[in-house]
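Per this note's numbering, residue 9 is the first one in the sequence shown, and the count goes up by one each step. Before any comments, here is the structure.
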Amino acid sequence: MHVLVPAKSFAAAKSRLAAVMDAAARAGLARAMLRDVLAAVAAARGVGRILLVSAEPEAGRLAAAAGADWLPECTSLGMNAAVRAGAAHLSTAGQAPLLVLPSDIPMLQAAEVEALAAILAAPPRRAGLVRCADGGTGALGLPPGAGPLFRFGPDSHARHRQALLAAGLGPVSLDLPGAARDIDLPADLAALETGPAGPATRAFLDGGGLRPAAAAAVPQLAAGTR
Ligand SMILES: Nc1nc2c(ncn2[C@@H]2O[C@H](COP(=O)(O)OP(=O)(O)OP(=O)(O)O)[C@@H](O)[C@H]2O)c(=O)[nH]1
Ligand SMILES: O=C(O)[C@H](O)COP(=O)(O)O
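Spelled out as C-alpha cells, the structure:
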C-alpha cells in the first residue's frame with residue numbers, strides 16, 4: 009500500500025483558525041501535525057511508498073525525515089488536484105492499493121494505518137473510508153486500479169461513499185478515532201488537549217504554540233495546567 013498525503017503550504021494552511029491563532033501559530037500547528045501524520049505512517053507495517061504532495065518549501069526536508077518522497081506542487085490547486093497528481097505519480101509504482109490521508113489528523117496512530125492496509129490487502133476487492141465528525145474524509149483507501157475517485161471537500165465522506173458504491177467498491181467504513189479527528193476549527197483545538205496527539209503536535213502545544221487567544225479555546229492550556 010502506498011500512502012499519499014497532500015499538504016498546503018504552512019503559510020496558507022488552517023485559515024479557519026485565523027480568529028484564534030496568528031499566522032505563525034497556524035503555520036507551526038500545520039507543520040507539527042504534518043510531522044505527526046508522516047511519522048505515524050512511517051511507523052506502520054504494510055506501507056510501501058509515502059508521498060507528500062505540497063508546495064510548502066519545507067516539504068522536502070520533512071518528507072525525507074519520515075522516509076517519504078516529495079512531489080512539489082507548483083501552486084495550490086486544491087486537495088483533489090493535489091491528490092490526483094500524487095496518485096498519477098504513484099501509479100507508475102505498479103499496482104498497489106492507495107491510501108490518502110490529510111495532513112491535519114495529528115492523533116493518527118500507526119495501528120490505524122495498519123488496519124486500513126489490512127482492509128485493502130485482503131479479498132474481496134473493496135475500498136476503505138473513515139468519516140470525520142464534520143462529514144469529511146479522514147482516510148480514503150482504494151484498491152489497485154480503482155481510478156481517481158477523489159471527492160474531497162464539503163461532505164466528502166458521503167460523496168466518496170456514493171462514488172465508491174457506484175464503482176462497485178463496497179467501501180468499508182472504519183471507526184478509527186485518530187484518523188477521524190481533523191483539526192479545522194477553534195472548537196477542534198480542545199480535542200488536542202484531551203486526545204493522544206503525536207509528539208510534534210504535543211510539543212507545539214506544550215511550548216505555548218497556541219498563543220493566548222487560541223489557548224482561550226482550550227482553558228486547560230490557558231491555565232497552564234497541562
Ligand atoms: N497539496 C495540497 N494540499 C491541500 C490543498 N488544499 C488542502 N490541502 C490539504 O488537504 C487536507 C484538508 O484540507 P483542509 O482541511 O481544507 O486544510 P486547510 O486548507 O489547511 O484548512 P483551511 O485553510 O481552514 O481550509 C489538508 O491536509 C490540507 O493541507 C492544496 O491545494 N494542495
Ligand atoms: O475531508 C475532506 O474532504 C478534506 O479533508 C477537507 O475537509 P475539511 O474542510 O473538513 O477539512
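Yeah, the Cβ is synthetic: ideal placement off N, Cα and C, and Gly gets one too. Source: prediction; values computed, not measured.
Asked, Found
"Give me the DSSP bridge partner(s) of Gly149.", "Leu107 and Gly136"
"Report the rounded CA-to-CA distance for Phe18 versus Pro152, giving the unit in angstroms.", "31 Å"
"Any heavy atom of ligand 2 closer than 7 Å to the beta-carbon of Phe2?", "The structure shown does not extend to residue 2, since the chain spans only 9 to 234, so no value can be given for it."
"Ordered along the chain, which non-local residues of its own chain (more than five positions away) have a Cβ less than 7 Å from that of Arg169?", "Leu137 and Pro179"
"Can Gly146 and Ile191 be called in contact, C-beta distance under 8 Å?", "no"
"By alpha-carbon positions, which one of Gly94, Glu120 and Ala67 ends up nearest to Val49?", "Glu120"
"Just verifying my parser: in three-state terms, what is the DSSP assignment at Ser84?", "coil"
"Work out the CA separation of Pro132 and Leu213 for me, nearest whole Å.", "42 Å"
"Quick check: the Cα distance between Val61 and Gly75, rounded to an integer number of angstroms?", "14 Å"
"Determine the extent of the beta strand (DSSP E) in which Ala171 is found, giving its start and end residues.", "Counting along the chain, Ala171 falls outside any beta strand (DSSP E), though it belongs to the alpha helix (DSSP H) covering Ser164 to Ala174."
"Look at Gly94 and Leu12 and say whether their C-beta atoms are less than 8 Å apart.", "yes"
"How close, in whole Å, do the beta carbons of His10 and Leu98 come, if the pair is a contact with beta carbons under 8 Å?", "5 Å"
"So, Ala96 versus Thr83, is the Cβ gap smaller than 8 Å?", "no"
"Sort Ala118, Gly161 and Ala21 by Cα distance to Val45 and report the nearest one.", "Ala118"
"Near Leu25, which residues of its chain fall below 6 Å by C-beta distance, leaving aside the five closest residues on each side in sequence?", "Arg34"
"Mark Gly36 as exposed unless 16 or more other C-beta atoms lie within 10 angstroms of its C-beta, in which case mark it buried.", "buried"
"Under the rule that 16 or more other beta-carbon atoms within 10 Å means buried, what is Leu218, buried or exposed?", "buried"
"Do Thr209 and Leu197 count as a contact pair if the criterion is CB distance below 8 Å?", "no"
"Taking the DSSP output, what are the residues bridged to His10?", "Leu106"
"Where does the unbroken beta strand (DSSP E) through Leu59 begin, and where does it stop?", "Ile58 to Ser62"
"With a cut-off of 8 Å on the beta carbons, I'd call Leu172 and Leu157 a contact; round off their distance for me.", "6 Å"
"Applying the criterion that 16 or more other CB atoms from any shown protein chain within 10 Å of the CB defines a buried residue, is Ser111 buried or exposed?", "buried"
"So is Leu85 buried or exposed if we call it buried at 16+ other beta carbons inside 10 Å?", "exposed"
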